[in-house]
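Everything in the sequence shown is counted per my numbering, starting at 1447 for the first residue and increasing by one.
All remarks here apply to the structure that follows.
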Amino acid sequence: MPGLSCLCGVLLLIANWAGATGQTTAPAPPPLSVSHQILRSGAAGEAYSFQLTASGGTPPILWQLTQGRLPPGVLLNETSGLLTGTPRSTGNFRFTLAATDSGTPRSVTRAEFELTINPALTIVWNPAPSVQNDTISGQLTVSSSLSTSLDLTVIVVAINESGKAFVLGYQHFALPPRTSNLAIPFGSSLPFGGYVVHADAVAEDANTNSIYRARLDSSGGLTVSPP
């Protein structure tokens, strides 16, 4: 039948034209999601950087802080998802971030994070100063959360009731990066009298000319008595 044959030919031409012009439905992108990431801890006074990542959705992705707070000194780049800055305070900071894609309609997903900022340098009595006979002795542990080596000086003194200081211990050495609980013993015999023990640790980062300090005082007075 000539009419039917002509109609089929027209339909075939239309189908071929639609295919040639690329009028096909594009596959939908995978759902937007934020990768579950454990944030690297930082140190107060040391530059910090961490790259957040998202997958799926329609790029570009925008990031936004929606709940909680970042450590003071740390900022979020809303277009790249980069956390960067120099933390000024220590603590555990919990916050929620939203990632929004550029699709129509836009897709939004949220994720909770926790960022721990540690003290750059800490010293702890372990054990605390104590008196035995005419000697005051004890031990410090030194820790550094910094990623660089430090030039460390530690001095421990006992100060009597007249304000005179007696050296119980002194050390000067290179402290390796991220050192944890390095023991520094101290002790010395002293004249009779009451004392307060004071420890001072000073560390220098030669690469950045930064100075870090930690101090301790004994919780109570210590008395060296005659036998």
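We treat Cβ as the ideally placed atom computed from N, Cα and C, and that holds for glycine.
All of these numbers come straight from a predicted model, not from anything done at the bench.
Quick check on this structure: which residue in the options has the alpha carbon closest to the alpha carbon of residue i?
i: F1612; options: F1559, S1481, T1542 and T1581; result: T1581
i: N1606; options: S1664, L1511, L1592 and A1629; result: S1664
i: T1562; options: G1549, P1551 and A1490; result: A1490
i: L1636; options: Y1494, D1597 and P1673; result: P1673
i: V1642; options: D1651, L1614, E1650 and H1618; result: L1614
i: L1528; options: P1518, Q1510, G1537 and T1536; result: Q1510
i: L1586; options: R1661, A1620 and G1514; result: R1661
i: P1518; options: G1488, S1526, N1655 and T1525; result: G1488
i: V1603; options: A1649, P1476 and A1645; result: A1645
i: P1631; options: I1601, G1584, S1656 and T1669; result: G1584
i: Q1497; options: L1478, T1525 and G1514; result: T1525
i: A1620; options: D1651, K1610 and G1514; result: D1651
i: T1568; options: T1536, I1484 and L1485; result: T1536
i: S1548; options: L1478, T1654 and K1610; result: L1478
i: Q1483; options: N1653, E1558, Q1617 and G1514; result: E1558
Taking the CB atoms as reference points, tell me whether residue i and residue j lie closer together than 8 Å.
i: T1599; j: P1623; result: no
i: E1560; j: T1532; result: no
i: S1591; j: N1627; result: no
i: S1481; j: T1504; result: no
i: Y1494; j: A1566; result: no
i: L1521; j: F1541; result: no
i: T1512; j: N1523; result: no
i: G1667; j: G1640; result: yes
i: A1647; j: V1570; result: no
i: P1473; j: G1502; result: no
i: T1546; j: I1601; result: no
i: R1534; j: L1543; result: no
Quick one: is the Cβ of residue i within less than 7 Å of any heavy atom of the ligand ATP?
i: S1591; result: Of the ligands one can find in the structure shown there are none, so the ligand ATP has no counterpart to examine.
Let me check one thing: in DSSP terms, what residues is residue i bridge-paired to?
i: P1438; result: Shown here, the chain extends from 1447 to 1673; a query on residue 1438 therefore has no answer.
i: R1540; result: E1560
i: E1492; result: E1492 pairs with nothing; no bridge assigned.
i: L1529; result: F1496 and L1522
i: T1599; result: H1618 and V1648
i: I1569; result: V1588
i: S1479; result: S1501
Check the C-beta distance from residue i over to residue j and give it rounded, since I have them as a contact under 8 Å.
i: F1638; j: S1671; result: 6 Å
i: L1596; j: A1629; result: That pair is no contact at about 17 Å.
I'd like to know whether the C-beta of residue i is nearer than 8 Å to at least one C-beta of chain C.
i: P1477; result: The question asks about chain C, but that chain is absent: this structure has only one protein chain.
Q: Decide yes or no for the touch test of the region 1543-1557 against the region 1570-1585: beta carbon pairs closer than 8 Å, at least 3 of them.
A: no
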